[in-house]
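Accompanying notes for the structure given below.
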Amino acid sequence: MSFDINKIREDFPILKKEIYGKPLVYLDNAATTQKPLCVVEKISENYLNNNANIHRGVHFLSQVATEAHEAARETVRKFINAKHSREIVFTRGTTEAINLVASSFGRSQCKAGDEIIVSHMEHHSNIVPWQLLQEEKGIVLKVIPFDENGVLQLDKLDELITEKTKLISIAHVSNTLGTVNPVAEIITKAHSHNIPVLVDGAQSVPHMPVDVQALDADFYVFSGHKIYGPTGIGVLYGKEEWLERIPPYQGGGEMIQKVTFEKTTFNELPFKFEAGTPDYIGSTALAEALNYVSAIGMEEIAAHEQELVRYTLERLGEVEDIRFIGNAPKRSGLVSFLVGNIHPYDLGSIIDKLGIAVRTGHHCAEPVMAAFGIEGTVRASFGIYNTKEEIDILVAGVQRAAKMFRRK
Amino acid sequence: MTIAEKQDEIIAEFEFLDDWLDKYQQIIDKGMSNPGVDEEYKIDKYLIEGCQSKVWVHAEFKDGLVFFQGESNTDISGGIVSMLVEVLSGHTPDEILETDLYFIDQIGLKEHLSPTRSNGMLAMVNQMKMYALAFKSQQA
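Chains A and B, in that order, give the protein sequences. Each residue of the first sequence is one higher than the one before, counting from 1 in this note's numbering. Each residue of the second sequence is one higher than the one before, counting from 409 in this note's numbering.
Now the structure itself:
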């Protein structure tokens with residue numbers, strides 16, 4: 001399939017919706033993406049035809065469902081080029097995947113005084129799990145700063161790394177600034193000190209090709225719903241050696257090999273980390289979404305969205321008193337901005353009435369807001385189905401709203 | 409003017425505005441011409457925290473009447489609080505407590521506000537009535 005925007009838009013029924021009598025312009029893709037019909041149909045098809053609890057079932061339907069779930073795991077493996085499908089753990093999303101590592105890695109590898117490094121531009125989901133560990137085990141959380149353009153100050157990383165550093169956990173792409181971080185470089189540096197790296201791929205996997213082996217990431221996590229899949233399913237990739245070394249996250253069914261009251265032994269990878277009935281409906285629908293974007297091509301999607309970002313910066317640049325938050329040379333997927341002293345909530349409320357869906361606020365990254373001395377931004381974030389015409393509507397909407405708030 | 413008369417006046421101002429954008433403009437303009445809250449009262453004690461906006465409401469009791477000041481860090485919430493101040497300020501605690509704020513529905517405010525703003529408005533009204541109640545019990 002080539003990149004045919006009209007065909008792609010046809011695949012997403014919700015895009016035909018009108019909001020307050022205006023065509024929907026959906027620019028909140030960093031929060032969640034819309035779903036193509038094939039994903040929605042996959043969910044209902046599973047429930048209608050292939051539903052049975054997976055693994056250990058001897059009956060026909062259970063085997064069909066098990067095969068579909070494991071085939072989905074293989075689809076994910078291929079999509080991010082992991083070495084083995086046993087390195088793919090299904091989670092509820094990025095947040096749960098980070099919590100899993102923080103808990104399992106933290107409990108087994110960290111003691112009081114050990115250090116974890118994150119960056120100043122992390123989503124709360126890559127801050128709070130480490131703070132919980134801080135409270136529990138007395139680890140120290142260190143932070144890589146960024147400059148006024150929203151670019152990480154990597155020279156500071158050398159000072160932050162010590163003999164006590166146990167892990168670096170960092171976003172591939174900032175959900176607020178759009179900055180693409182040089183994770184390959186960070187991983188190389190970390191590995192030269194024998195420090196593993198977790199990459200938060202929530203905002204990268206939907207927008208660019210990702211190869212976990214090429215990056216040499218130790219852990220890489222992302223969410224299904226941000227890449228046109230269903231909510232409630234996500235992925236933790238972990239190198240086999242790490243997943244073997246760290247203990248289970250939750251206990252229950254599926255993750256055990258043998259249970260007695262004296263001692264329980266755990267199942268092999270990846271099942272050791274999948275306690276309880278896995279979301280086999282979600283996993284197969286996620287695989288459907290990954291197949292959908294793969295057919296279009298991640299390179300093509302990246303090029304399309306890069307052009308949308310470029311065009312947005314150019315067109316919004318025409319707005320009087322516009323201020324872009326985040327001006328990194330390498331960026332992806334989204335544009336954060338403010339207009340004069342208009343509160344982002346006010347601006348978002350007005351353009352909502354014009355059918356334009358953007359997000360306003362701190363985007364779950366309050367430290368980023370604090371660094372810029374602002375309360376929030378307006379964020380337009382893109383997906384495969386967005387067009388330049390929609391950006392023109394956004395710009396016209398912002399112009400109109402701005403006029404309403406200008407002091408007379 | 410009674411509270412009802414003030415409400416009717418606001419309803420009349422909005423009556424000929426069909427387009428919701430014009431209604432919003434009217435709300436924003438009201439906020440902009442509102443004198444706001446004295447700096448000394450723009451502190452957490454007088455803050456009604458909403459989801460994304462902050463509103464400060466302060467009240468004084470003089471000669472049996474309640475006088476409100478209100479301000480927000482966002483212009484739309486600022487307009488809403490200034491209308492509430494306009495309507496409720498300068499009345500007795502009993503008048504404030506007994507009043508039905510029908511102008512909110514009649515100018516179409518509720519249907520056009522996001523649920524978070526709508527909840528914020530409710531919180532403002534509640535806070536203002538709480539002030540009235542406190543002054544009333546002080547009086548007794």
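Glycine is no exception: its CB is placed at the ideal position from the N, C-alpha and C atoms.
Residue i: which of the options sits nearest, CA to CA?
| i | options | result |
| --- | --- | --- |
| residue 345 (chain A) | A:377, A:261, A:184, A:322 | A:377 |
| residue 177 (chain A) | A:9, A:394, A:334, A:395 | A:334 |
| residue 111 (chain A) | A:243, A:118, A:130 | A:130 |
| residue 127 (chain A) | A:165, A:170, A:157, A:147 | A:170 |
| residue 299 (chain A) | A:211, A:107, A:70 | A:211 |
| residue 411 (chain B) | B:510, B:539, B:544, B:542 | B:510 |
| residue 95 (chain A) | A:191, A:226, A:148 | A:226 |
| residue 322 (chain A) | A:144, A:311, A:342, A:328 | A:342 |
| residue 36 (chain A) | A:389, A:308, A:367, A:383 | A:383 |
| residue 273 (chain A) | A:140, A:121, A:253 | A:253 |
| residue 99 (chain A) | A:64, A:235, A:43 | A:235 |
| residue 329 (chain A) | A:309, A:347, A:337, A:315 | A:309 |
| residue 97 (chain A) | A:255, A:238, A:365, A:316 | A:238 |
| residue 65 (chain A) | A:59, A:287, A:51 | A:51 |
| residue 244 (chain A) | A:87, A:368, A:154, A:374 | A:87 |
| residue 546 (chain B) | B:531, B:518, B:501, B:508 | B:501 |
| residue 20 (chain A) | A:351, A:275, A:117, A:307 | A:351 |
| residue 119 (chain A) | A:367, A:324, A:74 | A:367 |
| residue 134 (chain A) | A:152, A:102, A:230 | A:102 |
Determine the DSSP secondary structure at residue i, reduced to helix, strand or coil.
| i | result |
| --- | --- |
| residue 28 (chain A) | strand |
| residue 3 (chain A) | coil |
| residue 460 (chain B) | coil |
| residue 87 (chain A) | helix |
| residue 357 (chain A) | strand |
| residue 348 (chain A) | helix |
| residue 107 (chain A) | helix |
| residue 489 (chain B) | helix |
| residue 257 (chain A) | strand |
| residue 228 (chain A) | coil |
| residue 319 (chain A) | coil |
| residue 343 (chain A) | coil |
| residue 12 (chain A) | coil |
| residue 179 (chain A) | strand |
| residue 431 (chain B) | helix |
| residue 426 (chain B) | coil |
| residue 205 (chain A) | coil |
| residue 362 (chain A) | coil |
Could you please give me the residues that DSSP links to residue i through a beta bridge?
| i | result |
| --- | --- |
| residue 479 (chain B) | B:464 |
| residue 23 (chain A) | A:18 |
| residue 142 (chain A) | A:117 |
| residue 198 (chain A) | A:169, A:219 |
| residue 266 (chain A) | A:256 |
| residue 338 (chain A) | A:323 |
Give every residue of the same chain whose Cβ lies closer than 8 angstroms to the Cβ of residue i, excluding the five residues on either side of it in the sequence, and list them in chain order.
| i | result |
| --- | --- |
| residue 15 (chain A) | 9, 24, 26, 34, 385 |
| residue 183 (chain A) | 170, 172, 197, 199, 215, 217 |
| residue 319 (chain A) | 339, 395, 398, 399, 402 |
| residue 406 (chain A) | 340 |
What are the start and end residues of the beta strand (DSSP E) that includes residue i?
| i | result |
| --- | --- |
| residue 528 (chain B) | Per DSSP, residue 528 (chain B) belongs to no beta strand (DSSP E); it is in the alpha helix (DSSP H), 523 to 547. |
| residue 306 (chain A) | Residue 306 (chain A) -> not in any beta strand (DSSP E); alpha helix (DSSP H) instead, spanning 298 to 316. |
| residue 234 (chain A) | 234 to 238 |
| residue 400 (chain A) | No beta strand (DSSP E) contains residue 400 (chain A), which is instead part of the alpha helix (DSSP H) from 388 to 405. |
| residue 166 (chain A) | 165 to 171 |
| residue 385 (chain A) | Where residue 385 (chain A) is concerned, there is no enclosing beta strand (DSSP E), given that its DSSP letter is neither H nor E. |
| residue 379 (chain A) | 377 to 381 |
Suppose the cutoff is 6 angstroms on Cβ atoms and the five residues either side in sequence are ignored; what does the same chain contact list for residue i look like?
| i | result |
| --- | --- |
| residue 487 (chain B) | 435, 436, 438, 439 |
| residue 408 (chain A) | Confidence in residue 408 (chain A) is poor, its pLDDT being 46 and thus under 50, which makes the residue's placement too unreliable to answer from. |
| residue 104 (chain A) | 246, 247, 249 |
| residue 17 (chain A) | 24 |
| residue 114 (chain A) | 139, 164, 166 |
| residue 150 (chain A) | 177, 179, 326, 328 |
| residue 174 (chain A) | 121 |
| residue 7 (chain A) | none |
Tell me which residues share the same chain as residue i and place their Cβ nearer than 7 angstroms to its Cβ, disregarding the 5 neighbours each side in the sequence.
| i | result |
| --- | --- |
| residue 69 (chain A) | 54, 278, 280, 283, 284 |
| residue 137 (chain A) | 106, 110, 111, 112 |
| residue 499 (chain B) | 411, 473, 474 |
Starting from residue i and walking both ways along the alpha helix (DSSP H), at which residues does that stretch end?
| i | result |
| --- | --- |
| residue 368 (chain A) | 366 to 372 |
| residue 44 (chain A) | 37 to 49 |
| residue 155 (chain A) | 155 to 160 |
| residue 132 (chain A) | 128 to 137 |
| residue 73 (chain A) | 60 to 80 |
| residue 190 (chain A) | 183 to 192 |
| residue 212 (chain A) | 212 to 215 |
| residue 112 (chain A) | Premise fails: residue 112 (chain A) is in no alpha helix (DSSP H) and is neither H nor E. |
| residue 420 (chain B) | 411 to 423 |
| residue 271 (chain A) | From DSSP, residue 271 (chain A) is part of no alpha helix (DSSP H); its letter is neither H nor E. |
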